[in-house]
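What follows is a single structure, written as structure tokens, with notes after it.
There are 2 protein chains.
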Amino acid sequence: MVTERRRPGRRPGSADTRGQIIAAARRTFAEKGFDKATIRGIAREAGVDPALVHHYFATKEGVFAAAMRLPMEPAMVVPRIVNGPPDELGERLVRVLLTMTSDVEGRESIVGMMRAAMTNDQALVMIREFITDAILGRVVEALGVSPLRMEAVFAQMSGLILARHIIRLEPLASADIEELVELVGPIVQRYLVG
Amino acid sequence: MVTERRRPGRRPGSADTRGQIIAAARRTFAEKGFDKATIRGIAREAGVDPALVHHYFATKEGVFAAAMRLPMEPAMVVPRIVNGPPDELGERLVRVLLTMTSDVEGRESIVGMMRAAMTNDQALVMIREFITDAILGRVVEALGVSPLRMEAVFAQMSGLILARHIIRLEPLASADIEELVELVGPIVQRYLVG
Chain X
1 MVTERRRPGR RPGSADTRGQ IIAAARRTFA EKGFDKATIR GIAREAGVDP
51 ALVHHYFATK EGVFAAAMRL PMEPAMVVPR IVNGPPDELG ERLVRVLLTM
101 TSDVEGRESI VGMMRAAMTN DQALVMIREF ITDAILGRVV EALGVSPLRM
151 EAVFAQMSGL ILARHIIRLE PLASADIEEL VELVGPIVQR YLVG
Chain F
195 MVTERRRPGR RPGSADTRGQ IIAAARRTFA EKGFDKATIR GIAREAGVDP
245 ALVHHYFATK EGVFAAAMRL PMEPAMVVPR IVNGPPDELG ERLVRVLLTM
295 TSDVEGRESI VGMMRAAMTN DQALVMIREF ITDAILGRVV EALGVSPLRM
345 EAVFAQMSGL ILARHIIRLE PLASADIEEL VELVGPIVQR YLVG
């Protein structure tokens, strides 16, 4: 689950406050999409001070990640991919994403997000904005890769998760992460570095 | 839509017979999955002679394609991909699949199949068997490629359809087919030919 940021010396609010903010965030994101939602608006909807939303989730992305039950925030995942030897970029990306979806919790939240995008138009808009701004845009900026190439990588990886964890095609579903890193890593590397 | 095979000199049955067979096929596939369903069983469920099922749909795959409203039968698509210059295999595969999903009807049937797989366990089983046997197995056999590599290609292409037609990420959603053939074709080629 997304790590909460508890700073010492600040009143943490009740456990219920956090749940209240998440519920308000879900309503706000559903109504306004990811881009137009604000911490201030979510706080208003929850009936709390905006500082309390910052206290629990630090950023709007953090609230979204918690609201969607994502296993990790993009702000934490992206550096793990982009930092390191440039010629192992593709391998790192494949390894990090497959590791994130290798436990039940991580898998279910990502599958839940895909399912929501496929069956609910409102959810689709906010998921699209979140993917574009918080995930892909961040890598595009860090690496200077073109958005189209980054989206081809997104296609490869989301399809891999679909085929491995949802459709469960064999031998893909049972393959070791490192076997897939070896197969798909160079492909992702080629998209990102050319 | 899937082309019907009408042979001259045979009683075609009423339009309703065809619909009756499709309805029976949906029930049969849902109950038995793709592998265990038979033309004979579908005919029994529809209360018609098996010859009539053959007459309308030729093969079990043909019945399945019609039942799932697929834009084309694998038996017709796969040869268009595997036949031709070997060094343009990847490009052909990308071009054929993106062209198939470029009209509303083709897109909706494939999106419908993905949605069914994600939300219904029974549908998932039959879709997995169909993808494995009728689509991937056929290419694996024709090209002598490993099943794992073929599944990586499936992941790339299903993710591309997801990102382009369902999530509609830009610039991917508006890109020309030929632009994507140029970007993704060499990747597919590399998976298939090494």
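Protein sequences, first through last, are from chains X and F.
FYI, in the numbering used here the residues of the first sequence are 1 to 194.
FYI, in the numbering used here the residues of the second sequence are 195 to 388.
Built from N, CA and C at the ideal position, the CB exists for glycine as well.
Asked                                                                                                         : Found
Residue range of the alpha helix (DSSP H) that includes residue 80(X)                                         : 74 to 82
As assigned by DSSP and simplified to three states, the class of residue 7(X)                                 : Low per-residue confidence applies at residue 7(X): pLDDT is 46, beneath 50, and the placement is therefore not dependable, though the value from the model is reported in the following sentence. Three-state DSSP puts residue 7(X) in coil, outside helix and strand.
Any chain F beta carbon closer than 8 Å to residue 10(X)                                                      : Confidence in residue 10(X) is poor, its pLDDT being 41 and thus under 50, which makes the residue's placement unreliable; the coordinate value appears in the next sentence. False, the Cβ-Cβ gap to chain F never drops below 8 Å.
Contacts that residue 304(F) makes with chain X (C-beta to C-beta distance below 8 Å)                         : By Cβ distance, chain X contributes nothing, its closest Cβ being about 12 Å from residue 304(F), past 8 Å.
Proximity of residue 307(F) and residue 223(F) at Cβ, strictly below 8 Å                                      : no
Min CB distance residue 50(X) to chain F below 8 Å                                                            : no
Coarse secondary structure for residue 170(X), derived from DSSP in three states                              : coil
Residue 95(X) burial status per 10 Å Cβ neighbour count (16 or more: buried)                                  : buried
Contact residues within the stretch 352 to 364 of chain F, judged by C-beta distance below 7 Å to chain A     : Checking the listed chains, one finds no chain A in this structure; the protein chains it contains are X and F.
Within chain X, the residues that residue 309(F) reaches when beta carbons sit closer than 7 Å                : 118, 119
Proximal chain X residues relative to residue 342(F), where beta-carbon distance stays under 8 Å              : 171, 172, 175, 179, 183
Cβ-based burial, residue 270(F) [other Cβ within 10 Å; buried from 16]                                        : exposed
CB contact flag (residue 102(X), residue 71(X), <8 Å)                                                         : no
The stretch 270 to 280 of chain F in contact with the stretch 319 to 336 of chain F per 3-pair CB rule at 8 Å : yes
Under 8 Å by beta carbon: chain F residues contacting residue 154(X)                                          : 353, 357, 363
When 33(X), 35(X), 47(X) are compared against residue 17(X), the one with the closest alpha-carbon            : 47(X)
Cβ pair residue 129(X), residue 34(X) closer than 8 Å                                                         : yes
Contact under 8 Å by Cβ, residue 45(X) with residue 62(X)                                                     : no
Contact belief for residue 219(F) with residue 245(F) at Cβ below 8 Å, rounded distance in angstroms          : 16 Å between Cβ atoms; not a contact.
First and last residue of the uninterrupted alpha helix (DSSP H) at residue 195(X)                            : Outside the displayed range of chain X (1 to 194) lies residue 195(X), so it cannot be described from this structure.
Backbone CA spacing between residue 217(F) and residue 298(F) [nearest angstrom]                              : 23 Å
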